[in-house]
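Residue numbers (UniProt numbering), protein chains in the order written: chain A, 1 to 405; chain B, 1 to 185.
Every residue, glycine too, gets a C-beta built ideally from N, C-alpha and C.
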Amino acid sequence: MNVDQLVRRTLQEQAAEHVRAPGDLADRVLRTRRHRRTARGLAGGAVAVAAVVATAVTVTVSDPRGVQATPASETRTADVEAHPDQSPPRELIAAGNAAVSGFYTGRTVKEDDGDELFLRRYHLLDQKTGGYAPADEKWAWVDVAPGLRTAAVLEGELPASRIGLLDLMTGRVTRWITVERPVAAVTWSPDGRRLVATAYSRNPDRLIDRPDDHPANGPRQHSSRTGFYVIDAATGDVGPFRALPRSEPDTWGAPLGVSRTDLVWGRDGTVLYAEKSDGTRDWYTPDGEKTRTPAGERYAGASRAGLSPDGAYAAADGDVNGSPVVDARTGKKVATVPGMQPLAWADGKRLIALGCDPKKCGGRNEFRTQLLLVTVGSGKAVPLSGFRKGAEGGAGRWVPMVTGR
Amino acid sequence: MDAESQERFREFVESRSSALLRTAVLLCGGDRHAAEDQLQNALVKVADRWRGIDDPEAYARQVLYRQQISRWRLKWPRREVAVAEPPERASDGEQGAAELRVLMRGALARLTPRQRTVLVLRYFEDLPEADVARVLGCSVGTVRSTTHRSLARLRRLAPELAALAPAAARPAAPSRDISPVEVRP
């Protein structure tokens, strides 16, 4: 560690400490102000100096960076923005109400002490150009808000003690939100007003090699999730910490896939869920109380797309033969759409999915996948991107992030 | 200020003052009382210009930074900051890192307000040098030299930090800036 890194860590740690402003601060300010206004005639010189400073500040604040423009996603509003020749995509991909807000590539770094660290390298939509550009390498976690104007970011190595709100027009962090317990995931609510941040005591993307373990055993997953916060995005107010019981074996040797058990919002934004290693979900209220699976979500399974915007259909993960779409009330299958992995609903009938265009490979190729736009009740698929290279989880394989536009 | 503005101002103070106070505590080197004074002064200015400002929080932060470094600030009586006794020796590993941060906190408290403000803007708010210069109303060269001198002073104040690599030896540091050119998402 060098001295500037230590300064950074020290300041972050100090800022995360529980500091509360006095409850009567607004009253004190208003009283002081009245008092100063009364005394103004006696202290004209001092007031004049303050006014000069304040005027200069106002100019800077009202136009801090001279950015006044329309986001690219709001000028490219065609129903389908497809680039089937691009992999990874270079220009905005969108369909209906959903757009690709960015993508990441993952890689695993083996460290000298035997640990293995999974790292994401993000590319995000640049709202000035409408293209995807590499994000700062220090972002270890990114989630883009519906509307594609802001992203919530976390600095590596996770977990992080503050959450940044990144302006996708300027590429700058407009607000830092500090949290007392470090978090390793942050996700927007469907209406873009709230965030849920999942707290961990260790980096869930780090496989840890135990020194006392048999040398033949590789580094292992661990369970270190401690709870979550719900945060008001407009004010940056962090709600109370909601502790969660460790969902799986709380020591070593837990099976694959349990290190990361992030909280995610359900479709209507009133409840939260965490996916378990067996693909089922635990549901919680924003107060941290365990709750029943909402009736509408019962058949959504572990698919990322989940319920359609009107709640009528649920899309489930499929296989090379396609993905089932079921009636959300009864669970009865209503259609099979091309694509193995539905990612998001573009509207009430169409889905953005990962799969292989049936025209190119009969849809039957597990590894050769691209972004597709598929329609319930139709076997057709519109390619939105080029084919992804590499194996799932392998270097160079880009993973799309789909967000409401 | 009419009743409605006062109500909105109260709401703003209630929702944002704790976050602003955290920044003020950093700027004041951990001195909670000085930080409250600074915040109260900044909020008075926010209230004075309430109708004319779009983003009261950004405005309050700018006032905090500027009043911290302005010349008349230096005429105010300085307070002695209570700092935890540094440990005798930093050990390896997590404990060592925590001890280094305690040392660093003490050293930060002994910088001048101007030096500390520049470090907070550079390393906590993550602003590029050009933006720090704009916020503080000085040149980029001044920001650069103040940063350099502040880090050097930190190493002198806490000799245990001397073992750390100097920041200047790592060209990677500027790349952390959130500048539109480098980071554009």
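Looking at the structure shown, is serine 145/B part of a helix, part of a strand, or coil, going by DSSP?
In the second sequence, residue 145/B corresponds to position 145, counting from 1. Note: serine 145/B maps to helix in three-state DSSP.
Taking only beta-carbon positions, decide if valine 19/A is within less than 8 angstroms of chain B.
Along the first sequence, one-based indexing puts residue 19/A at 19. Cβ-Cβ to chain B under 8 angstroms: yes for valine 19/A.
Helix, strand or coil: which one does DSSP assign to histidine 123/A?
Here residue 123/A refers to the residue found at position 123 of the first sequence. In this structure, histidine 123/A counts as strand in the three-state DSSP scheme.
From what residue to what residue does the alpha helix (DSSP H) around tyrosine 65/B run?
Locating residue 65/B in the second sequence gives position 65, where the first residue counts as 1. Segment 56-69, the alpha helix (DSSP H) holding tyrosine 65/B.
How would you label asparagine 203/A, buried or exposed, when you count the other beta carbons within 10 angstroms and need 16 or more for buried?
The residue given as residue 203/A occupies position 203 in the first sequence. Label assigned to asparagine 203/A: buried.
Are glycine 106/A and valine 399/A closer than 8 angstroms when you measure CB to CB?
Locating residue 106/A in the first sequence gives position 106, counting from the first residue. Locating residue 399/A in the first sequence gives position 399, counting from the first residue. Yes. Within cutoff.
Going along chain A in order, which residues have a C-beta closer than 8 angstroms to the C-beta of alanine 47/B?
One-based indexing of the second sequence puts residue 47/B at position 47. Ordered by position in chain A, the residues that pass the 8 angstroms Cβ test against alanine 47/B are Val29, Leu30, Arg33.
So, is valine 109/A buried or exposed, given that buried needs 16 or more other C-beta atoms within 10 angstroms?
To locate residue 109/A, count along the first sequence from 1; it is residue 109. Exposed, since its Cβ has fewer than 16 Cβ neighbours within 10 Å.
So, under 8 angstroms CB-CB, leucine 148/A and proline 71/A are touching, yes? Tell me the CB distance rounded to an integer number of Å.
To locate residue 148/A, count along the first sequence from 1; it is residue 148. To locate residue 71/A, count along the first sequence from 1; it is residue 71. The Cβ separation is near 7 angstroms, so the contact holds.
Helix, strand or coil: which one does DSSP assign to arginine 405/A?
Position 405 of the first sequence, counting from 1, holds the residue named residue 405/A. In the structure shown, arginine 405/A sits in coil (DSSP, three-state: anything other than H, G, I, E or B).
Taking the beta carbon of aspartate 129/A as the centre, do at least 16 other beta carbons fall within 10 Å, making it buried, or is it exposed?
On the first sequence, residue 129/A is found 129 positions in, with the first residue counted as 1. Here the sequence assigns threonine to residue 129/A, which means aspartate is not the residue at that position. Residue burial is scored here from C-beta neighbours: threonine 129/A has fewer than 16 other C-beta atoms within 10 angstroms and is therefore classed as exposed.
What is the residue span of the alpha helix (DSSP H) that lysine 389/A lies within?
By one-based count along the first sequence, residue 389/A stands at place 389. Neither: lysine 389/A is in no alpha helix (DSSP H) and is coded neither H nor E.
Against chain A, with Cβ distances strictly below 8 angstroms, would arginine 155/B count as a contact?
Taking the second sequence and counting its residues from 1, one reaches residue 155/B at position 155. At least one chain A Cβ lies under 8 angstroms of arginine 155/B.
Compare the C-beta of phenylalanine 387/A with all C-beta atoms of chain B and state if any pair is closer than 8 angstroms.
Here residue 387/A refers to the residue found at position 387 of the first sequence. False, the Cβ-Cβ gap to chain B never drops below 8 angstroms.
Going along the chain, which residues of the region 229-240 of chain A sit with their C-beta nearer than 7 angstroms to a C-beta in chain B?
Thr235, Gly236, Asp237
Closest Cβ-Cβ distance between aspartate 4/A and chain B: below 8 angstroms?
Reading the first sequence from its first residue, position 4 is the one you call residue 4/A. Yes - at least one Cβ of chain B is within 8 angstroms of the one on aspartate 4/A.
What three-state label does DSSP hand arginine 101/B in the structure shown?
Within the second sequence, the letter at position 101 stands for residue 101/B. If DSSP states are grouped into helix, strand and coil, arginine 101/B belongs with the helices.
Where does valine 183/A land, buried or exposed, given buried means 16+ other C-beta within 10 angstroms?
What you label residue 183/A is simply residue 183 of the first sequence in a count that begins at 1. Buried, by the Cβ-count rule.
From glycine 52/B to glutamine 38/B, what distance separates their C-alpha atoms?
Along the second sequence, read from residue 1 onward, the residue named residue 52/B stands at position 52. Along the second sequence, read from residue 1 onward, the residue named residue 38/B stands at position 38. Taken atom to atom, the span from the alpha-carbon of glycine 52/B to that of glutamine 38/B is near 22 angstroms.
For the candidate residues Ala151/A, Leu343/A, Asp115/A, whose alpha-carbon lies nearest to that of leucine 124/A?
The residue given as residue 124/A occupies position 124 in the first sequence. With distances taken between Cα atoms, leucine 124/A lies closest to Ala151/A.
State the start and end residues of the unbroken alpha helix (DSSP H) segment that holds valine 32/B.
Residue mapping note: residue 32/B aligns to position 32 of the second sequence, counting from 1. Checking the sequence, you will find arginine at residue 32/B rather than valine. Arginine 32/B -> alpha helix (DSSP H) spans 32-48.
Output yes or no for whether 8 angstroms exceeds the beta carbon distance between alanine 95/A and leucine 384/A.
As a first step, residue 95/A is located in the first sequence; it is residue number 95 there, counting from the start. As a first step, residue 384/A is located in the first sequence; it is residue number 384 there, counting from the start. In contact: alanine 95/A and leucine 384/A (Cβ atoms closer than 8 angstroms).
How many angstroms separate the CA atom of leucine 20/B from the CA atom of leucine 119/A?
For this step, residue 20/B is matched to residue 20 along the second sequence. For this step, residue 119/A is matched to residue 119 along the first sequence. Each residue's Cα considered, the two are about 33 angstroms apart.
Please determine, among Leu6/A, Val325/A, Val80/A, the residue with the shortest C-alpha to C-alpha distance to glycine 96/B.
Taking the second sequence and counting its residues from 1, one reaches residue 96/B at position 96. With distances taken between Cα atoms, glycine 96/B lies closest to Leu6/A.
For a quick check, are the C-beta atoms of isoleucine 177/A and arginine 193/A less than 8 angstroms apart?
As a position in the first sequence, residue 177/A is number 177, starting the count at 1. As a position in the first sequence, residue 193/A is number 193, starting the count at 1. Not closer than 8 angstroms, so no.
Of the choices Gly171/A, Ala98/A, Thr174/A, Arg9/A, whose alpha-carbon is the least far from that of methionine 401/A?
Residue mapping note: residue 401/A aligns to position 401 of the first sequence, counting from 1. Selected option, being the one with the closest Cα: Ala98/A.
Determine the direct distance from the alpha carbon of glutamate 11/B to that of lysine 276/A, and round the result to whole angstroms.
Locating residue 276/A in the first sequence gives position 276, where the first residue counts as 1. Locating residue 11/B in the second sequence gives position 11, where the first residue counts as 1. Their Cα atoms are separated by approximately 40 angstroms.
Use the C-beta contact count for serine 5/B: other C-beta atoms within 10 angstroms, 16 or more gives buried, fewer gives exposed.
Along the second sequence, one-based indexing puts residue 5/B at 5. With fewer than 16 Cβ atoms within 10 Å of its Cβ, serine 5/B is classed as exposed.
I think alanine 305/A touches leucine 351/A, with their Cβ atoms under 8 angstroms apart; what is that distance to the nearest whole Å?
Walking along the first sequence from the start, residue 305/A turns up at place 305. Walking along the first sequence from the start, residue 351/A turns up at place 351. Confirmed, about 6 angstroms.
Quick one: which chain C residues come within Cβ less than 7 angstroms of serine 18/B?
In summary, chain C is missing from the structure at hand, where the protein chains are A and B.
Just to confirm my understanding: we take glutamate 36/B, look at its own chain, exclude 5 residues before and 5 after, and list those with CB closer than 8 angstroms. What are they?
In the second sequence, residue 36/B corresponds to position 36, counting from 1. Cβ within range, chain order: Leu21, Ala24.
Let me know the secondary structure DSSP gives serine 224/A once reduced to three states.
Within the first sequence, the letter at position 224 stands for residue 224/A. Of the three classes helix, strand and coil, the one that applies to serine 224/A here is coil, per DSSP.
Return yes when the Cβ of valine 142/A is within less than 8 angstroms of the Cβ of glycine 102/A, no when it is not.
Counting from 1 along the first sequence, the entry for residue 102/A is found at position 102. Counting from 1 along the first sequence, the entry for residue 142/A is found at position 142. Yes, the Cβ-Cβ distance between glycine 102/A and valine 142/A is below 8 angstroms.
Whose C-beta lies closer than 6 angstroms to the C-beta of residue 407/A among residues of the same chain, with five residues either side of it excluded?
For chain A, the structure presents residues 1 to 405; residue 407/A sits outside this window and is missing.
So which of Pro146/A, Trp139/A, Thr174/A has the shortest CA-CA distance to glycine 269/A?
Translated into positions along the first sequence, residue 269/A becomes position 269. Comparing Cα-Cα distances from glycine 269/A to each of Pro146/A, Trp139/A, Thr174/A, the minimum goes to Pro146/A.
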